[in-house]
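Novice: Here it is: the structure, laid out below.
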Amino acid sequence: MAESYSGESTSERVDESVLNDRTLKWIGVAISSLFTLGIFALVGYIIVTKVNFELLQTIFPRFVDAYLLVLRIFLLGSVLSVVAGVFVGFGRVSSTFPTGAVARGYVEFFRGTPLLFQIIVIYFGIPALWSGTFPIQDWEIPAAIIALTLNHAAYVGEAIRGGIGAVPEGQMEAARSLGMSYTQGMREVVLPQAWRNALAAIGNDQVILIKDTSLLTVIAVPEIISVFRSVNSATFDPWTPIVLTAVAYLGITLPLGFVVRYLEDRSDWGGDSQ
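Heads up, the sequence shown is in this note's numbering, so the first residue is 389 and it goes up one at a time.
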């Protein structure tokens, strides 16, 4: 009798658990659906009632120019920050004191101070150190690329350091047992695995790099936010340039997200894509 009662109680608890799980599932579906519909409704309302389509056609070429400029800055800054970040990551795992200390100091400074501060220091500070006329004309674009590269190289370096740390030590020992030098072992064995481990973090950092280009408005780089501010101050119409601003940024971040996910799938050791 007791066993039968116990069995019925267990069955009831299982049924309640399943019911609760299903309830939570449908609550989640309902909330996410309502949120999505609300966002689409808000966007539709803004486009229909707040966007001036005549102004949209007028300012569209300016946003295209800004988009192309941001894209160029991003591509150059991305390549330079990843290349520099690899060396920073190597420095962070170096057992040599000066190399490790310099790399750590670099990372701590550029991660510990705002990117806006770094942009200001490079744009205003470097020409002030120059005796006489600063030789580089249109310094804002080079300063922007330098600041973005130095800042994001620190984050990429930390991602590489974490990726190297996730590789088992036996991998380097196996490489050395095959007659490879430390440098060869890092290049041929450890770094490819570390790159796979760090790929998601590096991809996320590159998306952040795109959004960080909005800070370049403070040094008069004619990027997307600068065009928005110019149009808004001239027309007092915020929503029309806001729509183009959102489209411009999403036009870079969404394709980059797809590329990062594709690379992650390709680098998945256990995946079917291998």
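For each residue, glycine too, the CB sits at the ideal point set by N, CA and C. Please read all numbers here as calculations on a predicted model, not as lab measurements.
What is the C-beta distance between isoleucine 640 and isoleucine 598, in whole angstroms, given that I count them as a contact (C-beta under 8 Å)?
Specialist: Contact flag correct, Cβ pair sits at about 5 Å.
Novice: Considering only residues of the same chain and omitting the five flanking positions on each side of arginine 575, which have a CB-CB separation below 7 Å?
Specialist: Once the five neighbours on either side are set aside, arginine 575 has no close Cβ partner at all.
Novice: In terms of residues, what are the limits of the alpha helix (DSSP H) holding lysine 599?
Specialist: Start and end: 579 to 600.
Novice: Which of the three DSSP states, helix, strand or coil, is assigned to glycine 520?
Specialist: Residue state, collapsed to three classes: coil.
Novice: From what residue to what residue does the alpha helix (DSSP H) around glycine 558 run?
Specialist: Element bounds for glycine 558: 557 to 565.
Novice: Whole angstroms are fine: how far does the CA of glycine 553 sit from the CA of arginine 410?
Specialist: So the two alpha carbons sit approximately 41 Å from each other.
Novice: Check whether the region 442 to 450 and the region 602 to 622 touch, using three or more Cβ-Cβ pairs below 8 Å as the test.
Specialist: Contact between the region 442 to 450 and the region 602 to 622 is present, because at least three Cβ pairs lie under 8 Å.
Novice: Do you know how far the Cα of arginine 460 is from the Cα of aspartate 526?
Specialist: For aspartate 526 and arginine 460, the distance between alpha carbons rounds to 16 Å.
Novice: Could you pull the start and end residues of the alpha helix (DSSP H) that phenylalanine 498 belongs to?
Specialist: Here the alpha helix (DSSP H) through phenylalanine 498 covers 485 to 500.
Novice: Only counting the same chain, and skipping five residues up and downstream in sequence, which positions put a Cβ closer than 7 Å to that of tyrosine 494?
Specialist: For tyrosine 494, where only same-chain residues beyond five positions count, the Cβ hits under 7 Å are Val476, Ala542.
Novice: Among Val577, Ile529, Arg654, Asn539, whose alpha-carbon lies nearest the alpha-carbon of glutamate 611?
Specialist: Minimum Cα distance to glutamate 611 is reached at Ile529.
Novice: May I have a chain-ordered list of the alpha helix (DSSP H) segments no shorter than 4 residues that lie completely inside the region 413 to 481?
Specialist: Segments of the alpha helix (DSSP H) lying fully in the region 413 to 481: 441 to 480.
Novice: List the whole-angstrom C-beta distance separating leucine 651 from leucine 587, where the pair is believed to meet the contact cut-off of C-beta under 8 Å.
Specialist: Right, the Cβ-Cβ distance comes to about 6 Å (below 8 Å), so this counts as a contact.
Novice: Applying the criterion that 16 or more other CB atoms from any shown protein chain within 10 Å of the CB defines a buried residue, is arginine 549 buried or exposed?
Specialist: Answer is buried; the Cβ neighbour count reaches 16.
Novice: Going by C-alpha to C-alpha distance, which of Ile607, Thr623, Val635, Leu425 sits closest to threonine 446?
Specialist: Of Ile607, Thr623, Val635, Leu425, the residue nearest in Cα terms is Thr623.
Novice: Taking all protein chains shown into account, do 16 or more other C-beta atoms lie within 10 angstroms of the C-beta of serine 661, making it buried, or fewer, making it exposed?
Specialist: With a pLDDT of only 47 at serine 661, under the threshold of 50, the placement of this residue in the model should not be trusted, and no figure is reported.
Novice: Is isoleucine 606 near leucine 644, with beta carbons less than 8 Å apart?
Specialist: For the sequence presented, residue 606 should be read as valine rather than isoleucine. It is not a contact, given that the beta carbons lie outside the stated cut-off.
Novice: Taking 8 Å as the cut-off, does the region 626 to 636 touch the region 496 to 506 (at least 3 CB pairs, one atom from each stretch)?
Specialist: Counting Cβ pairs under 8 Å, fewer than three are found: no touch.
Novice: Please report the straight-line C-alpha distance between glycine 440 and threonine 628, rounded to a whole angstrom.
Specialist: According to the sequence as given, residue 440 is asparagine; it is not glycine. Asparagine 440 and threonine 628: Cα-Cα distance of roughly 6 Å.
Novice: What separation, rounded to the nearest whole angstrom, lies between the Cα atoms of isoleucine 514 and proline 626?
Specialist: Each residue's alpha carbon lies about 35 Å from the other.
Novice: Where do the ends of the alpha helix (DSSP H) carrying isoleucine 552 lie?
Specialist: First-last of the alpha helix (DSSP H) with isoleucine 552: 528 to 553.
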